[in-house]
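Novice: Numbering (the working numbering), first residue to last: 5 to 389. No residue lacks a Cβ here, since even glycine has one placed at the ideal position from N, Cα and C. There's a structure below that I have some questions on.
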Amino acid sequence: MTAEQEFFIMLSRSAVFDEDPPLPPEDIDWQYIWNKAYEQNISGLLASTILKLPKDKQPPNAAQWRSIMIQTMVIMSQKNAEFERMSAKLKENQIDPICLKGCVLKDLYPDPALRVMGDFDVLIEKQQRKTAEAVFENNGYKINRNTLFSALDNGTAHWEIFESLEDDFRDDPLRWNRELEKHAVTNHKGLRVLDPTFELTYVVVHASKHMTREGCGIRNMLDVALILQHRIKDINFGKVYEICKSQKYEGIFLYFLSAAKKWFEIDIGYDKTMPDPDKFLEFLLSYGVFGRELDGKILAGQVVRREGSSVGPLRRIFFPPRKMIQHKYQYVKKSPLLLPIAWMHRFFYAVFVRKFSVKDMVSGLRESLEYGTERKNRLKELNIR
Numbered sequence: 005m006t007a008e009q010e011f012f013i014m015l016s017r018s019a020v021f022d023e024d025p026p027l028p029p030e031d032i033d034w035q036y037i038w039n040k041a042y043e044q045n046i047s048g049l050l051a052s053t054i055l056k057l058p059k060d061k062q063p064p065n066a067a068q069w070r071s072i073m074i075q076t077m078v079i080m081s082q083k084n085a086e087f088e089r090m091s092a093k094l095k096e097n098q099i100d101p102i103c104l105k106g107c108v109l110k111d112l113y114p115d116p117a118l119r120v121m122g123d124f125d126v127l128i129e130k131q132q133r134k135t136a137e138a139v140f141e142n143n144g145y146k147i148n149r150n151t152l153f154s155a156l157d158n159g160t161a162h163w164e165i166f167e168s169l170e171d172d173f174r175d176d177p178l179r180w181n182r183e184l185e186k187h188a189v190t191n192h193k194g195l196r197v198l199d200p201t202f203e204l205t206y207v208v209v210h211a212s213k214h215m216t217r218e219g220c221g222i223r224n225m226l227d228v229a230l231i232l233q234h235r236i237k238d239i240n241f242g243k244v245y246e247i248c249k250s251q252k253y254e255g256i257f258l259y260f261l262s263a264a265k266k267w268f269e270i271d272i273g274y275d276k277t278m279p280d281p282d283k284f285l286e287f288l289l290s291y292g293v294f295g296r297e298l299d300g301k302i303l304a305g306q307v308v309r310r311e312g313s314s315v316g317p318l319r320r321i322f323f324p325p326r327k328m329i330q331h332k333y334q335y336v337k338k339s340p341l342l343l344p345i346a347w348m349h350r351f352f353y354a355v356f357v358r359k360f361s362v363k364d365m366v367s368g369l370r371e372s373l374e375y376g377t378e379r380k381n382r383l384k385e386l387n388i389r
């Protein structure tokens with residue numbers, strides 16, 4: 005691990021634990037810190053601790069750090085206000101969703117407005133989906149319906165309302181959907197959230213899904229560290245391990261714990277660990293929040309080790325195996341003969357909804373293949389299935 009990577013991790017720890025920042029090493033490459041913070045989407049968060057450094061130890065572009073921190077706080081304060089407004093609207097219509105990930109975890113951060121969120125994820129009952137969509141539509145949101153969720157956007161906030169978390173829990177998803185429902189509790193704000201054991205479980209499972217597909221960044225590590233710091237006495241680590249193992253993510257879970265113990269000095273009190281968490285953190289820092297981008301678009305680069313691990317990368321990108329996409333195109337699960345239709349459905353969605361041109365897809369193919377191969381080797385090195 006380089007001096008810049010170590011310093012980046014320690015700055016991140018100082019920011020989330022509200023500690024005094026470490027002094028930068030001599031000849032620190034501040035441009036690396038700036039670029040990596042932007043890539044990981046935690047610029048405002050890191051700025052909050054960098055600006056606590058003595059003036060002579062701050063980066064030359066301290067004014068830019070201050071500006072990005074203020075900008076982050078303004079944008080996220082607006083988004084959080086909209087979250088509270090629409091949460092109240094849903095309750096008025098007898099819809100009480102389970103709030104997931106950032107919209108809950110932000111309150112663990114010293115300043116919730118510095119925990120950036122691209123969207124608000126909530127889980128509702130299947131029969132409430134149309135009602136929920138109507139509530140958002142009546143409040144100025146545009147709706148994009150997907151198989152398992154609805155994406156809703158009003159220009160200020162973006163929501164994803166799930167009726168199933170099958171994209172996260174690939175093995176026995178119906179069982180785990182029911183388990184999550186059973187382990188929902190009401191927090192101090194009157195929101196339905198997962199209890200600490202299932203909260204940690206879902207954060208790890210969701211991060212693992214991205215890690216084994218396109219990639220994920222260090223913000224997931226910061227979320228885990230804060231859950232452990234605030235909830236550790238109420239977490240059943242054996243249960244978390246059991247669920248993660250059922251999804252073949254137990255190795256990633258143990259890496260999170262090992263990194264939290266070494267770099268965030270959290271006494272886990274759990275005997276299972278993974279060796280060399282430094283390589284795990286290096287992997288998280290290798291790319292952006294959700295993998296590597298090319299000209300503003302995330303590369304395909306999917307590894308998908310369980311769903312078609314013997315299938316070549318070219319086919320995974322353009323003609324993925326049924327198990328890889330059946331969570332999104334449910335009709336394929338019922339009839340495998342409809343797989344070619346799902347391929348066309350997927351292609352037209354990429355072109356007409358996500359606005360990927362065929363030229364974009366073809367020109368980015370080589371980079372995507374190289375990226376996928378590189379990530380596959382890194383996962384293998386970490387012994388992550």
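Where glutamate 183 and isoleucine 270 are concerned, what is the direct C-alpha to C-alpha distance, given to the nearest angstrom?
Specialist: Rounded to whole angstroms, glutamate 183 to isoleucine 270 spans 28 Å at the Cα level.
Novice: In chain order, what residues of the same chain have a beta carbon less than 7 Å from the beta carbon of threonine 53, not counting five sequence neighbours either side?
Specialist: Correct list, in chain order: Leu15, Ser18, Ala19 and Pro25.
Novice: Less than 8 Å between C-beta atoms, sequence neighbours within five positions excluded: which residues of the same chain meet that for lysine 136?
Specialist: Strictly speaking, residue 136 in this sequence is alanine, with lysine absent from that position. Correct list, in chain order: Leu94, Asn97, Ile99, Pro101, Ile128, Ser154 and Ile165.
Novice: Which residue's Cα is closest to the Cα of methionine 278: Cys107, Leu261 and Val293?
Specialist: That would be Leu261, whose Cα lies nearest to the Cα of methionine 278.
Novice: Which residue marks the beginning of the beta strand (DSSP E) containing glycine 201, and which one marks its end?
Specialist: Rather than glycine, the amino acid found at residue 201 in this sequence is threonine. Here threonine 201 belongs to no beta strand (DSSP E); instead the alpha helix (DSSP H) covers 200-217.
Novice: Pairing CB atoms from the segment 219-230 with CB atoms from the segment 34-51, are three or more of them under 8 Å?
Specialist: Yes, they touch.
Novice: Buried or exposed, going by whether 16 or more other CB atoms sit within 10 Å of the CB of valine 307?
Specialist: Residue placement at valine 307 is flagged as unreliable, the pLDDT there being 45, under the threshold of 50; the coordinate-derived value follows with that caveat. When all chains shown are included, valine 307 counts as buried.
Novice: For chain B, find out if any of its Cβ atoms is closer than 8 Å to the Cβ of isoleucine 99; answer yes or no.
Specialist: This model lacks chain B altogether, as it is built from one protein chain only.
Novice: Helix, strand or coil, according to DSSP, for arginine 196 in the structure here?
Specialist: The answer is strand: DSSP assigns arginine 196 an E or B state.
Novice: Determine which residues share a DSSP beta bridge with arginine 149 and list them.
Specialist: Answer by DSSP bridge pairing, in chain order: Ser154.
Novice: So which of Lys337, Cys107 and Lys266 has the shortest CA-CA distance to glutamate 86?
Specialist: Among Lys337, Cys107 and Lys266, the Cα nearest to that of glutamate 86 belongs to Cys107.
Novice: Would you call aspartate 22 buried or exposed, if buried means 16 or more other Cβ atoms sit within 10 Å of its Cβ?
Specialist: Answer is exposed; the Cβ neighbour count stays below 16.
Novice: Go through the segment 7-95 residue by residue and report every complete run of the alpha helix (DSSP H) that reaches 4 residues or more, in order.
Specialist: For the segment 7-95, whole alpha helix (DSSP H) runs of length 4 or above, ordered along the chain, are 7-21, 34-43 and 47-54.
Novice: Rounded to the nearest angstrom, what separates isoleucine 79 and lysine 338 at their Cα positions?
Specialist: Straight-line Cα distance between these residues: approximately 43 Å.
Novice: Taking the alpha-carbon positions, what's the phenylalanine 12 to arginine 379 distance?
Specialist: Taking the straight line joining both Cα atoms gives about 22 Å.
Novice: Is the beta carbon of alanine 188 sitting closer than 8 Å to the one on valine 197?
Specialist: Contact flag set, yes.
Novice: Which residue's Cα is closest to the Cα of leucine 373: Tyr333, Arg296, Pro340 and Ala92?
Specialist: Closest by alpha carbon: Arg296.
Novice: Since arginine 163 sits in a beta bridge, which residues does DSSP pair it with?
Specialist: Contrary to the premise, residue 163 reads as tryptophan rather than arginine in this sequence. Answer by DSSP bridge pairing, in chain order: Phe124 and Leu156.
Novice: My output table needs one value for cysteine 103: the three-state DSSP class, helix, strand or coil.
Specialist: If DSSP states are grouped into helix, strand and coil, cysteine 103 belongs with the strands.
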